[in-house]
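Visitor: Here it is, the structure, as structure tokens.
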Amino acid sequence: MMASTTSATAAAAAFGAAATAKPRGSSSSAICPRVSTGGRRRSGVVRCDAGVETQVQAVAKAASIAALEQFKISADRYMKERSSIAMREKLAIAEELWPRAIQELTSLNHIEEAAVLSTCNRMEIYVVALSWNRGIREVIDWMSKKSGIPASELREHLFMLRDSDATRHLFEVSAGLDSLVLGEGQILAQVKQVVRSGQNSGGLGKNIDRMFKDAITAGKRVRCETNISSGAVSVSSAAVELALMKLPKTEALSASMLLIGAGKMGKLVVKHLIAKGCKKVVVVNRSVERVDAIREEMKDIEIVYRPLSEMYEAASEADVVFTSTASESPLFTKEHAEALPPISDTMGGVRLFVDISVPRNVSACVSEVSSARVYNVDDLKEVVEANKEDRLRKAMEAQTIITEELKRFEAWRDSLETVPTIKKLRSYADRIRASELEKCLQKIGDDNLTKKMRRAVEELSTGIVNKLLHGPLQHLRCDGSDSRTLDETLENMHALNRMFSLDTEKAIIEQKIKAKVEKTQN
């Protein structure tokens, strides 16, 4: 199941998705809450479009193609209702509170494992649960209680993924396929932080821990083998990429960034700066309200507000000036550029003006100033078109890698199914051995046996059982790396369960329920 919270059998509301492994006797799922202007129902999974992020859901070739089409949607999609931001803010969980949230979730009656991934763009909860429906209700109720949002309202903004779909989503998130900036690296660092936080608090269970670690592997492979994060595919991303490319490589992220205009395109520039690793940007705007809204939404970068009256003063302190306003007359002319102080040699000695406004905010004659370089929308469009086809191809390649890692994870998960059968079969054989051994010793009589003889008889019984079990147990052991071997192993497991009436499924469920009761009592 999947949600802006995550649950193996749980529900969540926000912007994101979740995934979990499905151990025997449990259900796994992810629920993602999203505010949207409409919902879609596909393959039994309810999904709602989020106003702040791209959703890429690819399960096979058809899904991959759909994901690529999704990727072409214009920037306006990411700028929808303010209500989406308000809801995400209520659902958000600060990183330092993740361990506590995991503890609260796993204390619910039907939740065994849990993880929280809460960022500026998403709120996801991943859980492994004993019951799908009951787990969902418990997670939704928990979210409602924490956020103050009525459960009925919360459900309208959720989408849920279960088992393989939930796991695939997490892998796509880690690979950057679910991000506004395709392939951006920040989300991979955030997924890693979920694991670190869980390890420090001891909150992650075996299944979710492995799933997140495999998601990190998938994310690394996608970036390494496809180089998907390179190549701008929108005017705003091209603006940021071009600026960083023109700066000295060793100093690019420490350059002073100035953004003039806090509208839709300006907001996207900030998003792309964050994705590239920039930590601070100065924003000049007519009013402070829009800047405050961006600052509230994007907490991974320091945003400094300057009023329009201080625009030239702010420009004098900037190495890169992004302009994105509706002004019909140029904000910067040749005279303005000449009046600005020089740029340090460490930054290349040239101030960059990246103008993404139509009409232009920076006059063409500014390029005549030796200490200035001007790039406009036409320059950026060339960069976008040159990169778009290559970026889409890399997204398809990324899906192939994700499918490989998903199969690897599922093989590992399935291989765990044989462990209870191995334990049950061993226990069954040991009970028979102990019972028959006791009968044998009683017939012989204690007076007729020395300690050495008794030990020899016990070792004989143990040796016979071990040799008889060796073959069956060997056919139950599998590392999950070979699908054919795994299928055969699972067939052998089911056959042994039937032959010896081991009731493994029932025993596992009883054990899990007992563990939950003991935990609650403690």
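Numbering-wise (UniProt numbering), the sequence shown opens with residue 1 and increments by one. Even for Gly, the Cβ is constructed at its ideal location relative to N, Cα and C. What you are looking at is a predicted structure, and each value in this text was computed from that prediction instead of being measured.
What residue range is occupied by the uninterrupted alpha helix (DSSP H) comprising residue 462?
Guide: For the purposes of this step, residue 462 is identified with residue 462 of the sequence shown, where counting begins at 1. Here the alpha helix (DSSP H) through residue 462 covers 451-474.
Visitor: Give, in chain order, every unbroken run of the alpha helix (DSSP H) that is at least 4 residues long and sits entirely within the UniProt domain "Glutamyl-tRNA reductase N-terminal" (82-226).
Guide: 82-91, 98-106, 132-147, 151-155, 164-175, 186-201, 206-226
Visitor: So, with DSSP's three-state summary, where would you put residue 269?
Guide: Counted from its first residue, the sequence shown places residue 269 at position 269. The answer is helix: DSSP assigns residue 269 an H, G or I state.
Visitor: Kindly indicate the opening and closing residues of the alpha helix (DSSP H) around residue 238.
Guide: Stepping through the sequence shown from its first residue, residue 238 is reached at position 238. Looking at the DSSP string, the run of the alpha helix (DSSP H) that includes residue 238 is 235-246.
Visitor: Smallest Cα separation from residue 222: which of 441, 406, 126, 427?
Guide: Mapped onto the sequence shown, residue 222 falls at position 222. Closest by alpha carbon: 406.
Visitor: Does the beta carbon of residue 171 fall short of 6 Å from some heavy atom of the ligand HEM?
Guide: This structure simply doesn't include the ligand HEM, nor any ligand for that matter.
Visitor: Is residue 258 closer than 7 Å to residue 321 when the C-beta atoms are compared?
Guide: The residue labelled residue 321 in the question sits at position 321 within the sequence shown. The residue labelled residue 258 in the question sits at position 258 within the sequence shown. Going by C-beta atoms, residue 321 is nearer than 7 Å to residue 258.
Visitor: Apart from the five residues on each side of it in sequence, which residues of its chain come closer than 6 Å, Cβ to Cβ, to residue 461?
Guide: In the sequence shown, the residue the question calls residue 461 occupies position 461. So the qualifying residues of the chain are 433, 437.
Visitor: Roughly how many angstroms lie between the CA atoms of residue 247 and residue 348, to the nearest whole one?
Guide: Position 247 of the sequence shown holds residue 247. Position 348 of the sequence shown holds residue 348. Spanning the two alpha carbons is a distance of roughly 7 Å.
Visitor: Does the beta-carbon of residue 472 have 16 or more other beta-carbons within 10 angstroms, so that it is buried, or is it exposed?
Guide: For this step, residue 472 is matched to residue 472 along the sequence shown. Residue 472 should be labelled buried.
Visitor: Can you tell me where the alpha helix (DSSP H) holding residue 280 begins and where it ends?
Guide: Counted from its first residue, the sequence shown places residue 280 at position 280. Note, residue 280: premise wrong, no alpha helix (DSSP H); beta strand (DSSP E) at 280-285.
Visitor: Taking contact to mean 3 or more Cβ pairs, one atom from each stretch, closer than 8 Å, check whether the segment 315-334 and the segment 294-301 are in contact.
Guide: no
Visitor: Determine, using beta-carbon pairs with one atom in the segment 299-310 and one in the segment 205-214, whether at least three such pairs fall under 8 Å.
Guide: no
Visitor: How about residue 128 and residue 138: are their beta carbons less than 7 Å apart?
Guide: Counting from one through the sequence shown, the residue named residue 128 turns up at place 128. Counting from one through the sequence shown, the residue named residue 138 turns up at place 138. No; because the gap between Cβ atoms is not below 7 Å, this pair is not in contact.
Visitor: Give every residue of the same chain whose Cβ lies closer than 7 Å to the Cβ of residue 341, excluding the five residues on either side of it in the sequence, and list them in chain order.
Guide: Residue 341 sits at position 341 when you count from the first residue of the sequence shown. Excluding residues within five positions, the ones whose Cβ falls inside 7 Å are 316.
Visitor: Does the separation of the CB atoms of residue 149 and residue 213 fall below 7 Å?
Guide: Numbered from its first residue, the sequence shown carries residue 149 at position 149. Numbered from its first residue, the sequence shown carries residue 213 at position 213. Result no, Cβ atoms of residue 149 and residue 213 do not sit closer than 7 Å.
Visitor: Between 244, 251, 236, which has its C-alpha nearest residue 262's C-alpha?
Guide: In the sequence shown, counting from the first residue as 1, residue 262 sits at position 262. Of the candidates 244, 251, 236, the one whose C-alpha sits nearest the C-alpha of residue 262 is 236.
Visitor: Among residues of its own chain, excluding the 5 on either side of residue 451, which ones have a beta-carbon nearer than 6 Å to its beta-carbon?
Guide: Translated into the one-based positions of the sequence shown, residue 451 becomes position 451. No residues qualify anywhere along the chain.
Visitor: Please report the distance separating the alpha-carbon of residue 439 from that of residue 454.
Guide: What you label residue 439 is simply residue 439 of the sequence shown in a count that begins at 1. What you label residue 454 is simply residue 454 of the sequence shown in a count that begins at 1. Each residue's Cα considered, the two are about 13 Å apart.
Visitor: Start and end of the alpha helix (DSSP H) containing residue 354?
Guide: Reading the sequence shown from its first residue, position 354 is the one you call residue 354. Counting along the chain, residue 354 falls outside any alpha helix (DSSP H), though it belongs to the beta strand (DSSP E) covering 351-355.
Visitor: Does the beta-carbon of residue 470 have 16 or more other beta-carbons within 10 angstroms, so that it is buried, or is it exposed?
Guide: Counting from one through the sequence shown, the residue named residue 470 turns up at place 470. Exposed, since its Cβ has fewer than 16 Cβ neighbours within 10 Å.
Visitor: On the DSSP bridge assignment, give the partners of residue 307 in chain order.
Guide: Here residue 307 corresponds to residue number 307 of the sequence shown, with the count starting at 1. Secondary-structure assignment with DSSP links residue 307 through a beta bridge to 285.
Visitor: Helix, strand or coil: which one does DSSP assign to residue 298?
Guide: On the sequence shown, residue 298 is found 298 positions in, with the first residue counted as 1. Note: residue 298 maps to coil in three-state DSSP.
Visitor: State the start and end residues of the unbroken beta strand (DSSP E) segment that holds residue 372.
Guide: Here the question's residue 372 lines up with position 372 in the sequence shown. Segment 372-375, the beta strand (DSSP E) holding residue 372.
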